[in-house]
Amino acid sequence: MSLQNKIDFAIIFSVKNANPNGDPLNGNRPRTDYDGFGEITDVCLKRKTRDRLQDAGQAIFVQSDEKKTDGYPSLRARAEGVLGKDVLNAKKTKPEDAAKLACETWFDVRAFGQLFAFKSEEKDGVSIPIRGPVSIHSAFSIEPVSITSTQITKSVSGDGDGSKKGSDTMGMKHRVDNAVYVAFGAMSPQLAEKTGFSDADANTLKSILPKLFEGDASSARPEGSMAVEKVIWWQHSSKAGQYSSAKVHRTLNVKADGSYELSQLEGLTPEEIDGF
């Protein structure tokens with residue numbers, strides 16, 4: 005049975021001396037908007053969510069290179085290797101049947117959706133769009149962020165006697181000094197009916213969100229530099245929802261120190277979950 009109640013959620017998390025999401029078009033500096041507020045894209049948050057789901061034993065279609073568990077070199081190879089080549093052949097399998105099988109196989113496909121668009125050896129390829137019921141917004145900091153940039157040595161030159169370093173050995177490292185971010189999301193029962201996303205799947209997501217940054221450490225994000233402080237979970241009493249997601253999200257007022265205030269909507273009680 006698919007998801008029975010509309011769900012809204014929010015993730016409040018802190019960043020201290022870390023680069024939460026570098027911008028490759030800006031020297032990998034932490035992303036900011038034009039007003040200086042820190043930004044973490046929805047794509048970045050979904051990547052971390054997929055990784056935590058994979059750590060929890062869920063089957064994930066869009067796997068990161070460092071977390072591949074099946075050896076497939078590409079998404080197409082994984083799709084054909086797991087589902088079979090005939091499934092992605094529009095002449096042999098109906099697109100809706102292929103979509104259903106993909107949703108049954110991979111958690112992230114039935115949660116976030118996926119576009120299966122592959123060329124075939126013949127003239128016509130395959131394009132199977134799947135719209136997922138789980139949406140996650142980009143996260144933004146509560147206040148404009150302070151960014152510190154430091155020049156670093158990337159490597160030691162192998163030329164000559166090794167006593168001199170070339171210009172190519174120098175690089176820059178950037179970090180957000182201290183900030184609190186908030187991201188919002190929602191789950192649609194109407195779209196869940198199409199993908200088979202269930203109440204059990206929603207509870208699985210609920211269980212991993214407090215651990216969103218565990219096992220995600222790197223040179224840019226040292227262990228403990230990013231932490232989920234709270235997950236706010238609103239479960240409506242119907243598929244259509246008692247209130248719009250915009251109205252629900254506006255009841256949360258997060259402050260720069262990570263504390264927050266919650267306004268109550270009649271008949272909708274939020275669940276406040278501590279970070280891991």
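Using our numbering, read the sequence shown as starting at 5 and increasing by one per residue. Every residue, glycine too, gets a C-beta built ideally from N, C-alpha and C. Quick caveat, the model's predicted, so the values are computed rather than measured.
Below 8 Å CB to CB, which residues in the same chain sit around residue i once its five sequence neighbours on both sides are set aside?
i	result
A63	T109, W110 and F111
D90	K96 and T97
S202	M5, S6, L7 and A196
D181	K20, N21, V149, S150, I151 and T152
H141	D46, A187, F188 and G189
L105	L87 and V91
E100	none
Y185	I16, F17, S18, V19, P24, G42, I44, A143, F144, S145 and I146
When burial is assigned at 16 or more other CB atoms within 10 Å of the CB, is residue i buried or exposed?
i	result
L119	exposed
V138	buried
R56	buried
G31	exposed
Y38	exposed
R82	buried
D205	buried
A244	exposed
G61	exposed
P274	buried
S249	buried
Q155	exposed
V47	exposed
R225	buried
R254	exposed
D69	exposed
Return the bridge partner residues of residue i from the DSSP annotation.
i	result
W237	F13 and E275
I44	A143
D27	R33
K177	T154
G262	Looking at the DSSP assignment, G262 forms no beta bridge with any residue, so it has no partner.
V232	F17
G189	F13 and I140
N182	K20
P148	F41
L216	In the DSSP output, where bridge partners are listed per residue, L216 has none listed.
L269	L272
Examine chain B for any beta-carbon lying closer than 8 Å to the beta-carbon of residue i, and answer yes or no.
i	result
T36	Absent from the structure: chain B. Only one protein chain is present.
What are the boundary residues of the alpha helix (DSSP H) that residue i is part of?
i	result
P193	P193 to T199
N207	D203 to I212
S131	S131 -> not in any alpha helix (DSSP H); beta strand (DSSP E) instead, spanning V130 to R135.
L87	L79 to L87
L7	Neither: L7 is in no alpha helix (DSSP H) and is coded neither H nor E.
A250	S249 to H253
D101	P99 to T109
Taking residue i as part of the beta strand (DSSP E), name the residues at either end of that continuous run.
i	result
V3	The structure shown does not extend to residue 3, since the chain spans only 5 to 280, so no value can be given for it.
G117	G117 to F122
T152	I151 to T157
V258	L256 to V258
E70	Segment: none, E70 is in no beta strand (DSSP E) and carries neither H nor E.
For residue i, which residues from the same chain have a beta carbon less than 6 Å from its beta carbon, with the 5 sequence-adjacent residues on both sides left out?
i	result
N21	R179 and S229
R35	N25, D27 and E43
C107	V113, R114, T199 and G200
Y247	L269
R80	F122
V130	L92, A94 and F122
K177	T154 and I156
A102	V91 and I132
Keeping to the same chain, check which residues put their C-beta closer than 7 Å to that of residue i; ignore five residues upstream and five downstream.
i	result
R54	I64, V66 and D112
E84	L92
Q) Touch check for the region 191-202 and the region 103-116: three-plus C-beta pairs under 8 Å? A) yes
Taking 8 Å as the threshold, find out whether the region 257-272 comes into contact with the region 207-217 through three or more Cβ pairs.
no
Looking at C-beta atoms only, is the number of pairs between the region 40-51 and the region 140-152 that lie closer than 8 Å three or more? yes
With three or more C-beta pairs closer than 8 Å as the rule, is the region 245-260 touching the region 214-226?
no
Below 8 Å, can you find three or more Cβ-Cβ pairs linking the region 75-93 to the region 7-24?
no
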